Amino acid sequence: SPLGLGLLTNKYTRDNARLPKGPRKTLFQTYLADDRFVRLQTTLDDVAARHAGSTPAAVALSWCRAKGTVPIAGARTLAQAKQNLAALDFDLAPDELAALDRAADPLPWLGI
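Per the numbering used here, residue 16 is the first one in the sequence shown, and the count goes up by one each step.
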């Protein structure tokens with residue numbers, strides 16, 4: 016999933032007690048307990064802040080596009096679909112790509 020099952024949207028964070036139920040909850044707890052993953056979430060937030068009206072989800076999708084992929088992100092709501100489409104409104108700068116790559120580099124299990 017280009018949005019990491021929602022983890023790269025920052026919908027789920029250490030501070031958000033509303034994790035999904037079932038096996039995803041266990042998986043998410045593992046990721047969110049890892050400081051390296053939290054650094055990636057912070058980097059997504061930081062990059063999103065540099066693009067007016069952007070979200071971590073749009074940054075994650077733009078990052079995938081910059082890697083030469085065609086991300087296919089699912090959306091359950093119209094708001095999520097609009098956030099996903101916003102990834103087409105901007106390209107990431109080389110320093111932003113480098114920051115995201117550095118943040119993800121220690122996470123071999125992430126699969127980005």
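Note that the Cβ used here is the ideal one computed from N, Cα and C, for glycine as well. Keep in mind it's a predicted model, so treat the numbers as computed, not measured.
Residue burial is scored here from C-beta neighbours: residue 19 has at least 16 other C-beta atoms within 10 angstroms and is therefore classed as buried.
Taking all protein chains in view, the Cβ of residue 88 is crowded by 16 or more other Cβ atoms within 10 Å, so the residue is classified as buried. Residue burial is scored here from C-beta neighbours: residue 121 has fewer than 16 other C-beta atoms within 10 angstroms and is therefore classed as exposed. With distances taken between CA atoms, residue 73 lies nearest to 99 out of 99, 82, 91 and 22. In chain order, 20 place their CB closer than 8 Å to the CB of residue 39, counting only its own chain and leaving out the 5 sequence neighbours on each side.
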